[in-house]
Amino acid sequence: MESEKQREDEKQWDENDAGVLRLPSGRLVRGRGLRHPLDPTAPTPTYALYLLGRQPPEVPWESHWLRWPDFRLPADRPAARTALKEAWERAATARVEIACGGGRGRTGTALACLAVLDGVPAEEAVDFVRRNYDRHAVETPWQRRYVRRFR
Numbered sequence: 004m005e006s007e008k009q010r011e012d013e014k015q016w017d018e019n020d021a022g023v024l025r026l027p028s029g030r031l032v033r034g035r036g037l038r039h040p041l042d043p044t045a046p047t048p049t050y051a052l053y054l055l056g057r058q059p060p061e062v063p064w065e066s067h068w069l070r071w072p073d074f075r076l077p078a079d080r081p082a083a084r085t086a087l088k089e090a091w092e093r094a095a096t097a098r099v100e101i102a103c104g105g106g107r108g109r110t111g112t113a114l115a116c117l118a119v120l121d122g123v124p125a126e127e128a129v130d131f132v133r134r135n136y137d138r139h140a141v142e143t144p145w146q147r148r149y150v151r152r153f154r
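Per our numbering, residue 4 is the first one in the sequence shown, and the count goes up by one each step.
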């Protein structure tokens with residue numbers, strides 16, 4: 004018999020929750036700024052991708068750290084592509100969270116890359132994320148260029 008925790012872990016994000024982005028395929032991904040405390044009543048992710056210049060603190064769910072300094076691009080682009088593809092794949096069945104310090108620049112860039120993986124044309128992905136996640140997402144010209152070149 005399934006436990007309550009197993010049933011909770013199998014649920015997807017609520018599309019109406021703060022930071023949740025619905026990709027065209029229907030996958031739901033939550034973007035978040037780590038400087039803002041997580042609401043204690045909010046569901047926790049089953050998997051998270053943290054985009055930070057320094058290693059994040061440990062969390063009680065599965066996570067991956069991608070070295071990505073603030074206002075910059077990922078330190079290792081092939082590793083970033085692999086990590087973003089894994090996050091996109093997991094989002095089909097799990098609660099995936101993408102987060103950086105403020106939840107806009109790096110997180111928005113990563114969400115735009117997930118949108119590209121999901122079929123949004125690379126030239127339209129930044130606008131898609133700004134319309135559906137945060138109008139200030141993807142903060143720098145080089146982040147926008149990174150998304151346009153992401154395949």
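C-beta: ideal position from N, C-alpha, C; glycine also. Fair warning: this is a prediction, and the values are worked out from it, not measured in the lab.
Going by other Cβ atoms of all chains shown within 10 Å of its Cβ, with 16 needed for buried, is residue i buried or exposed?
i	result
G106	buried
R138	exposed
E100	buried
R109	buried
G29	exposed
V132	buried
F153	buried
V141	buried
K8	Confidence at K8 is low in this model, with a pLDDT of 47, below 50, so its placement is unreliable and the value that follows should be read with caution. By the 10 Å Cβ count, K8 comes out exposed.
E5	For E5, the predicted structure reports a pLDDT of 45, less than 50, and the residue's modelled location is therefore unreliable. A value from the coordinates is still provided. Exposed is the call here.
Does the beta-carbon distance from residue i to residue j come in below 8 Å?
i	j	result
F96	Q146	Sequence inspection shows Thr at residue 96; the Phe mentioned does not correspond to that position. Their beta carbons are not under 8 Å apart, which means T96 does not touch Q146 by this criterion.
V32	L114	yes
W64	T49	yes
A102	R35	yes
W16	P60	no
Nearest by alpha-carbon distance to residue i: which of the options is it?
i	options	result
G56	S28, A45, R70	R70
K88	G122, E126, V62, Y136	G122
R93	S66, A78, R75, R80	S66
The beta strand (DSSP E) that contains residue i, what's its start and end?
i	result
R75	It is not in any beta strand (DSSP E) - R75 carries neither H nor E in the DSSP assignment.
Y149	No beta strand (DSSP E) contains Y149, which is instead part of the alpha helix (DSSP H) from 144 to 152.
A51	50 to 55
A45	Element bounds for A45: n/a, residue is neither H nor E.
L37	Segment: none, L37 is in no beta strand (DSSP E) and carries neither H nor E.
R107	Where R107 is concerned, there is no enclosing beta strand (DSSP E), given that its DSSP letter is neither H nor E.
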